[in-house]
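Going by the working numbering, the first sequence opens with residue 1143, and the numbers climb by one from there.
Quick notes on the structure that follows.
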Amino acid sequence: MSAPDADIPQHRYDARLANEIEAKWQDRWQTEHTFWAPNPAGLLSEGFEAVADRKKLFALDMFPYPSGAGLHVGHPLGYIGTDVYARFKRMTGHNVLHAMGYDAFGLPAEQYALQTGQHPRVTTESNIATMRRQLRALGLGHDPRRSIATTDPAYYRWTQWIFLQLFGSWYDEDLDRARPIVELIPVLEADPESNWAALPSRERRELVDSYRLAYLDDAPVNWCPALGTVLSNEEVTPEGRSDRGNHPVYRRPLKQWMLRITAYADRLLADLEPLDWTESIKIMQRNWIGRSEGAEVDFAVEGHEDTVITVFTTRPDTLFGATYMVLAPEHPLVDEITPAEWPGASIGEDINDIPASWRGLFGAEAGPAEAIRRYREFTAQKSELDRQAEGKEKTGVFTGAFATNPVNDAPIPIFIADYVLMGYGTGAIMAVPAQDQRDWDFAQEFDLPIVRTVAPPEGWEGEAFLGDGLAINSDFLDDLPVAEAKQAMITWLEEQEVGVGTVTYKLRDWLFSRQRYWGEPFPIVYDEDDLPVSLPESMLPVELPEVTDFEPEIVADDVESVPAPPLARAEQWVTVELDLPQPEWAGDAGGGTKTYRRELNTMPQWAGSCWYYLRYLDPTNENEFVSPAAERYWMAPGPGGVDLYVGGVEHAVLHLLYARFWHKVLFDLGHVSTPEPFQRLFNQGYILAPTFTDARGMYVEASEVVERDGRFFLGDTEVQREHGKMGKSLKNAVAPDDIYRDYGADTLRLYEMFMGPLDASRPWNTSDIIGVHRFLQRLWRNVIDEQTGEPRVTVEPTDDETRRLLHRTIDAVRTDMDDLSFNTAIARLFELNNRLTQVVAETGDAPEEVVVLLVLMTAPLAPHAAEELWERLGHEQSLAHEDFPTADPAWLTVETVEIAVQLNGKVRARLTVASGLDEAATEAAARADARVAELLDGKTVRKAIIVPGRLVNFVVG
RNA sequence: GCCCGGGUGGUGGAAUGGCAGACACGACGGACUCAAAAUCCGUUGCUCGCAAGGGCGUGCGGGUUCAAGUCCCGCCCCGGGCACCA
1143 MSAPDADIPQ HRYDARLANE IEAKWQDRWQ TEHTFWAPNP AGLLSEGFEA VADRKKLFAL
1203 DMFPYPSGAG LHVGHPLGYI GTDVYARFKR MTGHNVLHAM GYDAFGLPAE QYALQTGQHP
1263 RVTTESNIAT MRRQLRALGL GHDPRRSIAT TDPAYYRWTQ WIFLQLFGSW YDEDLDRARP
1323 IVELIPVLEA DPESNWAALP SRERRELVDS YRLAYLDDAP VNWCPALGTV LSNEEVTPEG
1383 RSDRGNHPVY RRPLKQWMLR ITAYADRLLA DLEPLDWTES IKIMQRNWIG RSEGAEVDFA
1443 VEGHEDTVIT VFTTRPDTLF GATYMVLAPE HPLVDEITPA EWPGASIGED INDIPASWRG
1503 LFGAEAGPAE AIRRYREFTA QKSELDRQAE GKEKTGVFTG AFATNPVNDA PIPIFIADYV
1563 LMGYGTGAIM AVPAQDQRDW DFAQEFDLPI VRTVAPPEGW EGEAFLGDGL AINSDFLDDL
1623 PVAEAKQAMI TWLEEQEVGV GTVTYKLRDW LFSRQRYWGE PFPIVYDEDD LPVSLPESML
1683 PVELPEVTDF EPEIVADDVE SVPAPPLARA EQWVTVELDL PQPEWAGDAG GGTKTYRREL
1743 NTMPQWAGSC WYYLRYLDPT NENEFVSPAA ERYWMAPGPG GVDLYVGGVE HAVLHLLYAR
1803 FWHKVLFDLG HVSTPEPFQR LFNQGYILAP TFTDARGMYV EASEVVERDG RFFLGDTEVQ
1863 REHGKMGKSL KNAVAPDDIY RDYGADTLRL YEMFMGPLDA SRPWNTSDII GVHRFLQRLW
1923 RNVIDEQTGE PRVTVEPTDD ETRRLLHRTI DAVRTDMDDL SFNTAIARLF ELNNRLTQVV
1983 AETGDAPEEV VVLLVLMTAP LAPHAAEELW ERLGHEQSLA HEDFPTADPA WLTVETVEIA
2043 VQLNGKVRAR LTVASGLDEA ATEAAARADA RVAELLDGKT VRKAIIVPGR LVNFVVG
């Protein structure tokens, strides 16, 4: 770059020429529709006959959010990987679908609107344009007709339609699948408990609503009054404040839309097994679903004949060791069971009969109710951070009530404590300190009895024993190992009707509404009874109303204030006159034109990304979300689903779980033909880069830091180097545009693929880029005369050795490409090209038989340069659909091989022998070698290990 | 704390239990050049040795095996996930 232009040959492959070539081919691919993937039928079927006999391949990237900051070089790693794979598959007999769309709803555009008054749609469209430009410059082979944005009404119309499918169905536990809601009515009619026939219309609707896969519930949400919105858990800091603005965030119940994902817990778990995903992602999903087998046990409360407290336990076998009980502080039965006075005090005995610690931290004198009230106050104001900092420190308070242990009728005290969570199991536990460490810690703190019911191993000096052992102190369970004891206890509980074997999940139903503007409106209105009514399909899409003021309604910064979603500001839109048909089963309610109130919440950002891959299949269909023909063609063959899905591990749980859930609902309702959406999932690594922090620990702009003698400076101040994921927040982003400018897009593609295996994170190092750039330059120079720009190839056959390397390379590159091992594929191409460079140096020309195949092999990785070489070699058509080279088996064999000769496992000599020798011949050849004979001289060979073609190991005495 | 990944030259990385370090960057030497850049050729794990040749070497300590980066056991460190889930 520093040399004067006059010194550079006009046709050298440098950044200038690369940019020219790249712009040219990006235009040609666009005008020639090179990457249009034909559907079998319908609007996008043009050209299908030509590929009808090919296999389909659906390669997919995780849906990007078009950020205003533009891309950095870390973003496209996965996109390049899928593009290389897609191009390779296109050259090996596949009809390849590869497209890119934009997950464009979401908070950043809305917050930008708050600051500037610019409508989120304007911001979003501008961001999408920027991202399209940056991705186009990478030469990605996407079908441009299939590029969609979630914010497009023609797209979110179908997101709303899918919501209507969820709203319009229920989960049949007997058939273990979702069914249309109309099929619920006969079930309710047949159920004597439902009393269906006698129910008035409103109660029928409420009953049916309680079965829907999309239902309304009072769910606790992260409500931030200062920002006027709910926040996702990710947007709340560990201190319980808003990530943006540091405002207080409160947990408070609000009526919210919920999706019944828990109905699918078992299927989401079981169907994970056969998928071609990494085990670690499967484990993360399994943990998130959190299936636990155990039992529910009913405990009677002393003095309250009609009250039972149900606990969930995974260890019913330890019931004899349950010496107390704990409820979550907010458990609904707490107030009911709490007596007016501490036991003992009421009959004139000394209040001090109850250990002081049981009576809580404050307010003991005023009785148990006050002690509980104070404890609840104390736990409510504890932040998440406090709770973590306290670690095992257990707090709680005695309710004053006792329960009866059903196995031995022993009275056991009932406590409340914040180590029991209302959100899991039944919100109540039987505490077994001998077999549970948390219960042990609590028992120590509160001087509660500990009864071992599983014999710990000899010499056990630990506290709670969680391992397997024989039951003790457990009457009819004694001497049974844990698994058998569990089963025996469950049988007993069920016989006595005081418990039942059951399964519990950590997975919660999905809170699906947000008090935001920039999201999909719900296709729901409310009638005069405040019950939800779905809008008919013909009214879709429900378009976002235009508002000019995005400022949320700032209300008092306290827990009680009621949120007003931004859509409430669209006053003309909020109410609507409609004549909506009532379902027959709802009886005589409604009908006729009425005033309805619209749902003012919007859907969360996950909604659009739950099904975008299906819309890629048939993006312009105005009658269906996807045509059955297109869906079956691209999704159904083989094991079913997307053939390759590449994305970051940050979506290991939420997106992948939500999308699988929606897919299963659509599957149950007959809209898609496979139970799982993504057959093969591949997680690409991150691009890391050095970060620099100043004395205050703040990140400084990495590009402005200079190194001097191994130390780093920003101006005159020294800064500390660390490493982190590349990104705006760490101020270490490298823009792809800079790399295009200095080297070209092919070099960037090749570098990102060469850095290391696709699934590993790797540090960005701009100085390494020159290596892959040199490869392209050398390849170019081997094919093209740098002075004239004309090809310099010969039809003369090459030498046998080069030809063998050529075919070995083809063989290896094919395997590597299939395995997504692009870094080793590139290394193979380097080797072949280096050999070609030697041949050119020796003979003055490049043999065409090598050049043609090398160019084709390079094409998936560096497509622009390969296309240009291909054209200059005399081809008129793009090589995108050419056949990838096939190795000739005749040239994969070698005449001689070098084998190692070891003595006692150490290599002492190497020798060249004919290939294909058997063991005896190999040993004979080794012994015949002079050097080996010398080594073996005077030694006794006790054993000889022969690995033909590899090595001989003489074990000598 | 629990559950996953991962520790290989100066650097990124490569190796179906069978010759550790392919390929690339960097460094060093050479050719070309007035010179530099670019390009091309060579050397490059550490170490002892003039050499021939030897010793050591894949986070640490053991083990299995004719043979271990790879398999087993016990640790250390780094990255990620979950976290009072009964």
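In this text, a Cβ means the ideal position worked out from N, Cα and C, and glycines have one as well.
Straight-line Cα distance separating residue j from residue i
i	j	result
residue 1112	residue 1779	Nothing about residue 1112 can be reported from this structure: the residues present for the chain run from 1143 to 2099 only.
residue 1144	residue 1224	Any reading at residue 1144 must be qualified, since the residue scores a pLDDT of 39, below 50, and its modelled position is unreliable; no value is offered.
residue 1550	residue 1796	44 Å
residue 2086	residue 2007	52 Å
residue 2061	residue 2089	7 Å
residue 2080	residue 2037	33 Å
residue 1486	residue 1562	27 Å
residue 1876	residue 1890	12 Å
residue 1746	residue 1294	16 Å
residue 1607	residue 1468	20 Å
residue 2057	residue 2091	6 Å
residue 1919	residue 1979	11 Å
residue 1584	residue 1567	19 Å
residue 2064	residue 2055	8 Å
residue 1403	residue 1236	36 Å
residue 1963	residue 1825	13 Å
residue 1401	residue 1308	8 Å
residue 1182	residue 1761	14 Å
Residue i classed as buried or exposed, judged by whether at least 16 other C-beta atoms fall within 10 angstroms
i	result
residue 1864	exposed
residue 1269	buried
residue 1840	exposed
residue 2034	exposed
residue 1758	buried
residue 1558	buried
residue 1152	exposed
residue 1577	buried
residue 1633	exposed
residue 1387	exposed
residue 1906	buried
residue 1602	exposed
residue 1501	buried
residue 1618	exposed
residue 1925	buried
residue 1480	buried
residue 1265	buried
residue 1870	exposed
Reference residue i, options the options, closest by Cα
i	options	result
residue 1823	1866, 1316 and 1961	1961
residue 1691	1177, 1253 and 1187	1253
residue 1744	1724, 1160, 1792 and 1667	1667
residue 1310	1325, 1416, 1335 and 1708	1325
residue 1158	1933, 1887, 2075 and 2002	1887
residue 1571	1451, 1682 and 1501	1451
residue 1990	1767, 1510, 1805 and 1948	1948
residue 1364	1958, 1351, 1357 and 1384	1384
residue 1220	2001, 1895 and 1155	1895
Span of the beta strand (DSSP E), counted from its first residue to its last, around residue i
i	result
residue 1226	Looking at the DSSP string, residue 1226 is not in any beta strand (DSSP E); the run it does join, the alpha helix (DSSP H), is 1219 to 1232.
residue 1555	1553 to 1558
residue 1572	1570 to 1573
residue 1823	1823 to 1825
Unbroken alpha helix (DSSP H) run spanning residue i, endpoints
i	result
residue 1627	1624 to 1638
residue 1866	Where residue 1866 is concerned, there is no enclosing alpha helix (DSSP H), although the beta strand (DSSP E) it sits in stretches over 1859 to 1867.
Problem set entry | Whole runs of the beta strand (DSSP E) within the stretch 1715 to 1802, excluding any shorter than 3 residues | 1717 to 1721, 1735 to 1740 and 1786 to 1789
Problem set entry | Those runs of the beta strand (DSSP E) which lie wholly inside the stretch 1339 to 1407 and span at least 3 residues | For the stretch 1339 to 1407, whole beta strand (DSSP E) runs of length 3 or above, ordered along the chain, are 1356 to 1366, 1371 to 1373 and 1392 to 1401.
For this session: Would you mind listing the alpha helix (DSSP H) stretches within the stretch 1423 to 1497 that are 4+ residues and don't spill past its ends, in chain order?
Result: 1476 to 1479
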